[in-house]
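Asks:
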Amino acid sequence: MSEKKFRQLRIDPEFKNLIRPLRREEYRQLELNLVREGCREDIVVWNDTIVDGHNRYEICNKLHIPYGVYEREFPNRDAVIAWICSNQLGRRNITEETRKYLIGRQYEAEKKAQKNGNGYNQYRANPNAVPVRGRPIDEESGCRTAARIGKEHHVSGATVQKYAKYSTALDTIAQSAPELVPHILSGTCKISFENIVALAEKDTGELKELGQKIGKNPYAFARYSESRRNIHSDVATKPAGATADQPAIKTMPVYDPDAEVAGLTLTIPSWMSSIDRTKTMARLEAISPAARQNLRTALRELIEKIQEMLSAIEGET
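Residue 45 is where the sequence shown starts when you use the numbering used here, and the numbers rise one by one after that.
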């Protein structure tokens, strides 16, 4: 554990986007844990750029909680991406869709990162190398990488390469409809591998339209096994020559205005329980001045938010 202090670190959007964003209640719980216990895990960085610990860095700076920083060495940027993917795959709270995406990204990143002393890799093959079993060197090396990553994550090498196509397709979709990808990775939109690849081949306008449809309804749901028409769901309006087997979006259920309030209502009892438990078990007279001040600040902010919510509710009635 390194010395705890404050330090100016950089945030790389690509690195951060590989990490599943915390749900509201998870973020709040992390805040409470950091206030109670301090920052126990170092923030991992590469050349002063955060690799792991984005949420801890944000919260600690906001609440003035010192933190440790651990500088990891990586040969290049692709090696960093591969490490982030592998690290995230060790977490339990990721969806199956996110798991497929991270395995695919890890594979592609490791292929790019693995360079020998002469600078050759799968994308710049050594012209003097001898093919193995009749296959090109780059293909053979890629298969070995896939097999190793597959063993690490308990899938076959062929599955790893399939996931690489999945992650590449999602990255293509993200360029035109970035709001669509989180819905897919969270499992809100159930779309098959084949249709993800098909979506990536659509033009920018269609992808943007699909992203807007889903973005307007946070509970949007796509099940292509039931509905595989084009994005407009109207065969009669399709341009000449268009196929009938185009991906489509089917939105269900209808937006429920009570959903967010119901989720908050279910979360509040856990806050009350945590406060009661702390009052009972903690020796409040023995806590440090810093911890006392952090708790006081957090509780006051909570009171303010409660008052804001009560005012909003009363204003609507």
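Built from N, CA and C at the ideal position, the CB exists for glycine as well.
Being a predicted model, the structure only gives us computed values, none of them experimental.
Which residue marks the beginning of the beta strand (DSSP E) containing Asp247, and which one marks its end?
Replies: Per DSSP, Asp247 belongs to no beta strand (DSSP E) and is neither H nor E.
Asks: For Glu238, which of Pro226, Ser220, Lys206 has the nearest alpha-carbon?
Replies: Glu238 has its Cα closest to that of Lys206, out of Pro226, Ser220, Lys206.
Asks: Tell me, please, whether the region 209-222 touches the region 145-155 by the rule of three or more beta-carbon pairs shorter than 8 Å.
Replies: At 8 Å Cβ cutoff, the stretches touch.
Asks: Between Gly186 and Lys155, which are expected to be in contact by the criterion C-beta below 8 Å, what is the C-beta distance as a whole number of angstroms?
Replies: Sure, about 6 Å apart at Cβ, within 8 Å.
Asks: Quick check: the Cα distance between Pro65 and Arg327, rounded to an integer number of angstroms?
Replies: Pro65 and Arg327: Cα-Cα distance of roughly 34 Å.
Asks: Measuring straight from C-alpha to C-alpha, what distance separates Ile109 and Cys83?
Replies: Approximately 7 Å between the Cα atoms of the pair.
Asks: Rounded to whole angstroms, what is the Cα-Cα separation between Leu53 and Ile94?
Replies: So the alpha carbons of these two residues sit roughly 7 Å apart.
Asks: Taking Val199 as part of the alpha helix (DSSP H), name the residues at either end of that continuous run.
Replies: No alpha helix (DSSP H) holds Val199; DSSP gives it neither H nor E.
Asks: What does Val113 pair with, by DSSP beta-bridge criteria?
Replies: Beta-bridge pairing links Val113 to Ile87.
Asks: Starting from Thr93, follow its DSSP beta bridges and name the residues at the other end.
Replies: For Thr93, which the question treats as bridged, DSSP gives the partners Arg54, Trp90.
Asks: Going by other Cβ atoms of all chains shown within 10 Å of its Cβ, with 16 needed for buried, is Glu152 buried or exposed?
Replies: Classification for Glu152: buried.
Asks: With Asn8 as the anchor, note down where its alpha helix (DSSP H) starts and where it stops.
Replies: Any property of residue 8 remains undetermined from this structure, which presents the chain solely from 45 to 361.
Asks: Specify the secondary structure class of Lys48 as computed by DSSP and reduced to three states.
Replies: If DSSP states are grouped into helix, strand and coil, Lys48 belongs with coil.
Asks: Are the beta-carbon atoms of Arg51 and Leu78 separated by less than 8 Å?
Replies: Cβ distance not < 8 Å, so Arg51 and Leu78 don't count as in contact.
Asks: Run through DSSP, which three-state label would Ser332 get?
Replies: If DSSP states are grouped into helix, strand and coil, Ser332 belongs with coil.
Asks: Within the chosen definition, does the region 107-124 reach the region 333-349 through at least 3 CB pairs nearer than 8 Å?
Replies: The region 107-124, when compared against the region 333-349, does touch it at the 8 Å Cβ threshold.
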